[in-house]
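Each residue of the sequence shown is one higher than the last, beginning at 892 in my numbering.
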Amino acid sequence: MDLMKCSELPHEQLCEEIRIAGLARKQALDSGSRADVEMAESVLDWFLDELADRLRRGRVPDTGAVREDEPVPQ
């Protein structure tokens, strides 16, 4: 996947990429390859940064998102 196009991914796809990157990190940790772990963590961090940026900008998915006129659960 081209990381530069990550910002164009729909929310659900971005979350799936984060899940896959997390699994790749786990496999790298299990294999003991430091280079693979660093690469997997770099990719995972990139996707997580994109998600964090979206949330800071208020770009949340329509499904399940709390609208401004709805009370926030306590």
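We put the CB at the ideal spot given by N, CA and C, even for glycine.
Keep in mind that this is a model prediction, so the values were computed, not measured.
Taking DSSP as the reference, what is the three-state secondary structure of residue i?
i	result
histidine 902	helix
serine 933	helix
glycine 989	Since the first and last residues shown for the chain are 892 and 965, residue 989 lies out of range.
glycine 913	helix
Tell me whether residue i is buried or exposed, calling it buried when 16 or more other Cβ atoms sit within 10 Å of its Cβ.
i	result
glutamate 908	buried
arginine 958	With a pLDDT of 47 at arginine 958, under the threshold of 50, the modelled position of this residue cannot be trusted; read the value that follows with caution. Exposed, since its Cβ has fewer than 16 Cβ neighbours within 10 Å.
arginine 910	exposed
Assuming the contact rule is C-beta atoms closer than 8 Å, residue i and residue j should be a hit. Round their C-beta distance to whole Å, please.
i	j	result
leucine 935	glycine 913	6 Å
Just the Cα atoms here: how many angstroms apart are residue i and residue j?
i	j	result
alanine 931	arginine 948	26 Å
glutamate 899	leucine 939	14 Å
glycine 923	cysteine 906	26 Å
arginine 925	alanine 919	8 Å
glutamate 941	arginine 916	18 Å
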